[in-house]
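In our numbering, the protein residues as written are 14 to 184. Beta carbons are placed, not taken as given, at the ideal position from N, Cα and C, and that holds for glycine. From a predicted model like this one, the values you see are computed outputs, not experimental measurements. Structure, as structure tokens:
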Amino acid sequence: MLSRSDKEAIVNSLKTDFGNAKAVFLTNLIGVTSNDAVEIRKNVRDMQGKIVVTRNNLFKKAAEGTDASVLFDNLKGPHAVAFAFEDVPGVAKCLKTAGSAHEVVELKGGFFDGKQLSTAEVKRLADLPSRDEMLGTLLATFIAPVSAFARVMHAIKEQKEAGATPAPVEA
């Protein structure tokens with residue numbers, strides 16, 4: 014049984030998390046073995062997120078006054094809340110992956126960018142590339158012309174060294 018001061022500490026911690034999070038996802042971890050739950054939490058933490066499991070009343074009390082409070086209206090049964098502080102698609106992807114690996118873990122909705130998300134919208138968000146993947150794609154796009162130029166210059170150099178004349182290039 015939690016004492017009143019313990020409950021207040023949990024609510025204050027959750028209020029801070031609600032204030033700092035870019036997105037909030039509603040899920041559950043009940044029925045998952047402890048080793049698997051630790052792995053799921055670690056994966057979410059690696060994506061600058063956090064998973065909290067506590068009573069629905071404490072979630073509801075902490076979410077009062079925030080946009081995410083609609084997630085906790087008429088909430089019944091055991092739930093967990095995943096907070097995404099940086100990489101929102103990355104955290105959603107971790108939860109979706111955990112759901113496919115463990116049948117009992119399911120996405121139940123979320124809240125992102127001032128909008129409540131359905132389960133299908135959270136799954137679509139999880140299908141987006143993570144921040145690191147998007148940055149890698151952007152970097153590859155920036156480097157592509159330079160690397161193509163370098164390959165052409167290297168091919169011309171090899172042709173000259175082999176004694177062949179390079180083919181004329183039309184403008």
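Task: Segment contact, 8 Å Cβ cut-off, at least three pairs: the stretch 145-153 with the stretch 53-66 - done: no
- [ ] Mind the definition here: the stretch 31-39 touches the stretch 82-101 only if three or more C-beta pairs lie below 8 Å; say whether that holds.
- [x] yes
Open item on the list: Please return the same chain residues whose Cβ sits closer than 7 Å to the Cβ of Asp80, not counting the five positions on each side in sequence.
Closed with: Taking the first residue of the sequence shown as 1, we reach residue 80 at position 67. Excluding sequence neighbours, Asp80 sits near Phe124 and Gly127.
TODO: Go through its chain and collect everything with a Cβ distance to Asn69's Cβ below 7 Å, but skip five positions before and after it.
DONE: As a working mapping, residue 69 is identified with position 56 in the sequence shown. Phe85, Leu88 and His92, listed in sequence order.
Task: Proximal residues to Gly44 (C-beta, below 6 Å), its chain only, five neighbours per side dropped - done: In the sequence shown, counting from the first residue as 1, residue 44 sits at position 31. Only Val117 meet the Cβ criterion.
TODO: Excluding the 5 residues preceding and the 5 following Ser82 in the sequence, name in chain order all residues of the same chain whose CB lies nearer than 6 Å to its CB.
DONE: As a first step, residue 82 must be located in the sequence shown, where it is residue number 69. Here the set comprises Ala76.
- [ ] Tell me where the alpha helix (DSSP H) around Gly123 begins and ends.
- [x] The sequence position of residue 123 within the sequence shown is 110, counting from 1. Counting along the chain, Gly123 falls outside any alpha helix (DSSP H), though it belongs to the beta strand (DSSP E) covering Gly122 to Phe125.
Task: Per-residue burial, Ala50 [other beta carbons within 10 Å of its own, 16 or more giving buried] - done: Counting from 1 along the sequence shown, the entry for residue 50 is found at position 37. With 16 or more other Cβ atoms from the protein chains shown falling within 10 Å of its own Cβ, Ala50 counts as buried.
- [ ] Please go through the same chain and pick out, in chain order, the residues whose beta-carbon is closer than 6 Å to the beta-carbon of Ala139, but skip the five residues on each side of it.
- [x] As a working note, residue 139 is residue 126 in the sequence shown. Result list for Ala139: Ala105, Lys106 and Lys109, in chain order.
Task: Asp30 versus Lys73 - alpha carbon distance - done: Against the sequence shown, residue 30 aligns to sequence position 17. Against the sequence shown, residue 73 aligns to sequence position 60. Using only the alpha carbons, I get a separation of about 13 Å.
Open item on the list: Check for me: the beta strand (DSSP E) holding Gln172 runs from which residue to which?
Closed with: Reading the sequence shown from its first residue, position 159 is the one you call residue 172. No beta strand (DSSP E) holds Gln172; the alpha helix (DSSP H) holding it covers Arg144 to Ala175.
TODO: State buried or exposed for Asp100, treating a residue as buried only when at least 16 other CB atoms are found within 10 Å of its CB.
DONE: Sequence index remark: in the sequence shown, residue 100 carries index 87 (1-based). Classification of Asp100: buried, given that the 10 Å Cβ count is 16 or more.
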